[in-house]
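Enquirer: In our numbering, the protein residues as written are 757 to 905. Ideal Cβ placement from N, Cα and C applies to all residues, glycine included. This is the structure, below, for whatever I ask next.
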C-alpha cells in the first residue's frame with residue numbers, strides 16, 4: 757500500500773527556495789494544474805484561508821515539471837510561493853536544492869489536535885513537500901467485446 761501511495765501521490769511543494777519565510781507573506785501565489793482541479797482548490801483551500809487570515813491567494817496555472825521553478829530560483833526572482841507538483845518532481849527538486857525544506861512542526865494540527873506529522877498517511881510528508889491528494893488510474897473494459905482476443 758505504501759508503494760501505491762508513493763507512486764500515486766501528488767505533492768504540494770514549496771518553491772520559494774531563495775525567499776525564506778515567504779509563505780508567511782500577506783499575499784501568496786499558489787500554482788497548480790488549472791481547470792476544475794484548481795477551481796476545487798480555490799473553493800476548498802484558498803477561500804477559507806483568505807477568510808481566516810484576510811490575506812490574498814493568487815492562483816496561477818502551469819503544466820508541471822521543475823523547469824519554471826528552477827528558472828525562478830536561478831534568476832533569484834521567485835514569484836511562486838506554493839506549487840502543486842508530482843511526487844517525483846518534489847523529490848528531485850528537493851535533491852537539487854530548488855525547493856524549500858519544510859519544518860513539519862509549523863503545519864497546523866488536525867481538527868482533533870493530532871500533530872500534522874502524525875496525521876498524514878505514511879510517506880506523504882516529505883522533506884520538501886506535503887501530500888494533498890491521492891489518485892489512481894484504472895482500466896475498465898467490456899468483457900463481451902473482448903472475448904476471443
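Assuming residue 849 contacts residue 825 under a Cβ cut-off of 8 Å, what Cβ separation, rounded to an integer in Å, is found between them?
Expert: Contact holds; Cβ gap of about 6 Å.
Enquirer: Roughly how many whole angstroms lie between the Cα atoms of residue 885 and residue 845?
Expert: So the alpha carbons of these two residues sit roughly 10 Å apart.
Enquirer: Hey, residue 890 and residue 837: beta-carbon distance below 8 Å or not?
Expert: No, the Cβ-Cβ distance between residue 890 and residue 837 is not below 8 Å.
Enquirer: Would you mind listing the alpha helix (DSSP H) stretches within the region 787 to 844 that are 4+ residues and don't spill past its ends, in chain order?
Expert: Complete alpha helix (DSSP H) runs here, min 4: 791 to 797, 803 to 809 and 823 to 831.
Enquirer: Starting from the C-beta of residue 865, find all residues in its chain whose C-beta is less than 8 Å away, skip the five residues before and the five after it, and write them out in chain order.
Expert: Here the set comprises 871, 872 and 875.
Enquirer: Just the Cα atoms here: how many angstroms apart are residue 895 and residue 901?
Expert: Approximately 15 Å, taken between the alpha carbons.
Enquirer: Kindly identify the DSSP beta-bridge partner or partners of residue 881.
Expert: Partner(s): 886.
Enquirer: Would DSSP call residue 902 helix, strand or coil?
Expert: DSSP places residue 902 in helix when its eight states are reduced to three.
Enquirer: May I ask you to report which of helix, strand or coil DSSP gives residue 862?
Expert: In the structure shown, residue 862 sits in a helix (DSSP, three-state: H, G or I).
Enquirer: Report the three-state DSSP secondary structure of residue 783 (helix, strand or coil).
Expert: Strand at residue 783.
Enquirer: Please state if the CB of residue 784 and the CB of residue 813 are separated by a distance shorter than 8 Å.
Expert: Yes, the Cβ-Cβ distance between residue 813 and residue 784 is below 8 Å.
Enquirer: I need the straight-line Cα distance from residue 851 to residue 869, nearest angstrom please.
Expert: Approximately 32 Å, taken between the alpha carbons.
Enquirer: Which of the three DSSP states is assigned to residue 846 in this structure?
Expert: In the structure shown, residue 846 sits in a helix (DSSP, three-state: H, G or I).
Enquirer: By the three-class DSSP mapping on this structure, what secondary structure does residue 851 have?
Expert: In the structure shown, residue 851 sits in a helix (DSSP, three-state: H, G or I).
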